[in-house]
Amino acid sequence: MASRRSIHRTSTVSLLKQQRRGTNVPRKKSVMEDMSMYHPSSTTTRDSVGHLDVSRRLSWLEKVRRRSVVLGTKGRVIMEARFSPDYRGIYSTRFSPDGESFVTAYGAGAIQVWHLDTEQHNINVRSAPDHGFPIMCIRFPRNQDATNFFAAGACGTLFWCGMRAGDYHDFAREEPNEINSVDVNSSETVATGGKDAAIRLYDINTKQLKGKFSRDDLLLKSEEEDMKFHKMRIFSVRFHPTMNEVLISGGWDDSVKIWDLREKDGCVRDIRGPHICGDALDIRDKVVLTGSWAVENSLQTWDLRNASLIENINPVNRPKTIDGEFLYCCQFFNGDSLGNTVIVGGSGLGSVEVIDIPEKKIMSSYRVHKTIQAIDSTDRYVVFGGMESTFRIATV
């Protein structure tokens, strides 16, 4: 598979080391400078009224963008790595608990590990098989010294992986289900969710299935009973960081379920509205963060205690767009212990955004050219990728 891989680093790991020492790194183009290559001039030599009308519209939109563009944001991209289009984009990425490494998972089924402080890059934990299914989600156990991680495959297999080449094996098989998401709590319970709309719980030590939440079409007759379980495929499951028995999940059925693992009769609360299409759920203290694949009001916070909407998060300095928002991923920034900062990406924004919730402002914005499906953060860095055959690391 080595011949299929074409990795090119436009910035090396030494930039990360320079950033940590506080030395200068090459300046990236500003958002304003980058815009010039994407918006044509309003002048034209063609006589077509339709073409002139389009040009005027583009010119008007560019002026609106320039008035509202995010100026003076603090973050900058300090590393880029390109990979072969044969890998079919990045579907998930995750930093290790110590922040010294990160994992990238691809649409072709490959899994790679990258180390930040050494020259040991691009370790192929799993090469892309012929006609491979995407690896949809990566999760590390919550202990700080974890060197193994889970990889959820759309092939229906949950993999248990190490940080060395070829170090992976089956943890659980759920065929014909497609596993879209996985998470682990600190009491070593593993949760999965996928195409069959069921939540499965495994013991990390014995690998045994110890619980399952799924609807029974023969028994569910009332609307109240129907709301206790998912009806369509699940794309995100997330344990509460401190309450091991609390789990949230979301997917295509426009609902986020709040589960108490001690209750066996279904979810204990139901948030109606969020249309989750990726790794777009997070939870801090009593606040649930959701990112919907929606035109507007896609980023929202909810009260865990009563499933009520806290607020829609619409940054006042976000550039105007005719493309909508359409989020695929969001999370609380790990460098903010108060939970006031979030990171979002998707198919409509044209950038990855770091947002200050109380101020309703974008703190940092990183321009991208295709859909973003995967983000993660440490206390200092953000890594993100999607369908552009490139992943990037940036400061916040």
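Plus 1 on top of the position in the sequence shown (first one is 1) and you've got this note's numbering.
Ideal Cβ positions, reconstructed from N, Cα and C, are used throughout, including at glycine.
Going by beta carbons, residue 374 and residue 92 fall inside the 7 Å limit. At least 7 Å separates the beta-carbon of residue 90 from that of residue 349.
Under a 10 Å Cβ-count criterion, residue 211 is classified as exposed, with fewer than 16 other Cβ atoms of the shown protein chains found around its own Cβ.
With fewer than 16 other Cβ atoms from the protein chains shown falling within 10 Å of its own Cβ, residue 323 counts as exposed.
DSSP lists 344 as the beta-bridge partner residues of residue 332. A direct Cα-to-Cα measurement between residue 179 and residue 279 gives close to 14 Å. Excluding sequence positions up to five before and after residue 338, its CB lies less than 8 Å from no other CB in the same chain. Fully enclosed beta strand (DSSP E) runs of no fewer than 3 residues occupy 180 to 185, 190 to 195, 200 to 204 and 210 to 214 of the region 179 to 221, in order along the chain.
A distance below 6 Å between beta-carbons, with the five flanking residues on each side excluded, links residue 277 to the following residues of its chain, in chain order: 236, 237, 251 and 252.
Around the CB of residue 99, fewer than 16 other CB atoms lie within 10 Å, so the residue is classed as exposed.
Distance check between residue 378 and each of 352, 306, 345 and 310 places 345 closest, using alpha-carbon atoms only. The beta carbon of residue 298 is closer than 6 Å to those of 313 in its chain, skipping five residues each way along the sequence. DSSP, read as helix, strand or coil, puts residue 224 in helix.
With a cutoff of 7 Å on beta-carbon distance, residue 110 and residue 129 are scored as near each other. Annotation: residue 165 to residue 124 spans about 7 Å, alpha carbon to alpha carbon.
Around the C-beta of residue 201, 16 or more other C-beta atoms lie within 10 Å, and the residue is accordingly described as buried.
With fewer than 16 neighbouring CB atoms inside 10 Å of its own CB, residue 213 falls in the exposed class.
With respect to the C-alpha of residue 209, the residue from 368, 172 and 309 having the closest C-alpha is 172. Cβ-Cβ distances below 6 Å link residue 184 to 140, 192, 238, 239 and 240 in the same chain, with the five nearest sequence neighbours on each side left out; the list follows chain order. In this structure, residue 282 and residue 257 form a Cβ contact; the two beta carbons are roughly 7 Å apart against a cut-off of 8 Å.
According to DSSP, residue pairing for residue 232 in a beta bridge does not occur. Exclusion of the five residues before and after residue 261 leaves 246 and 269 as the residues of its chain whose Cβ lies within less than 6 Å of its Cβ. In the same chain as residue 272, and ignoring 5 residues on each side of it, the C-beta atoms closer than 6 Å to its own belong to 257, 303 and 308, in chain order.
Check the Cα spacing between residue 335 and each of 320, 96 and 77: the tightest is with 96.
Residue 380 carries a coil assignment under DSSP once its states are collapsed to helix, strand and coil. In terms of CA proximity to residue 203, 188 leads the group 347, 101, 385 and 188. For residue 271, the secondary structure class from DSSP, reduced to helix, strand or coil, is strand. Under the three-state reduction of DSSP output, residue 283 falls in the strand class.
Between the alpha carbons of residue 112 and residue 136 lies a gap of roughly 8 Å.
Secondary structure of residue 171 (DSSP, three-state): strand.
At a Cβ-Cβ threshold of 7 Å, residue 390 and residue 84 count as neighbours. Judged by DSSP secondary structure, residue 364 falls within the beta strand (DSSP E) whose first and last residues are 362 to 368. A residue is called buried when at least 16 other Cβ atoms come within 10 angstroms of its Cβ; residue 231 meets this threshold and is buried. Non-local beta-carbon contacts of residue 364 in its own chain, meaning distances under 8 Å to residues more than five positions away in sequence, involve 74, 75, 76, 342, 355, 356, 357 and 397 in chain order. DSSP places residue 99 in the coil class of the three-state scheme, outside both helix and strand. Residue environment analysis places residue 319 among the buried positions, since at least 16 neighbouring C-beta atoms fall within 10 angstroms of its C-beta.
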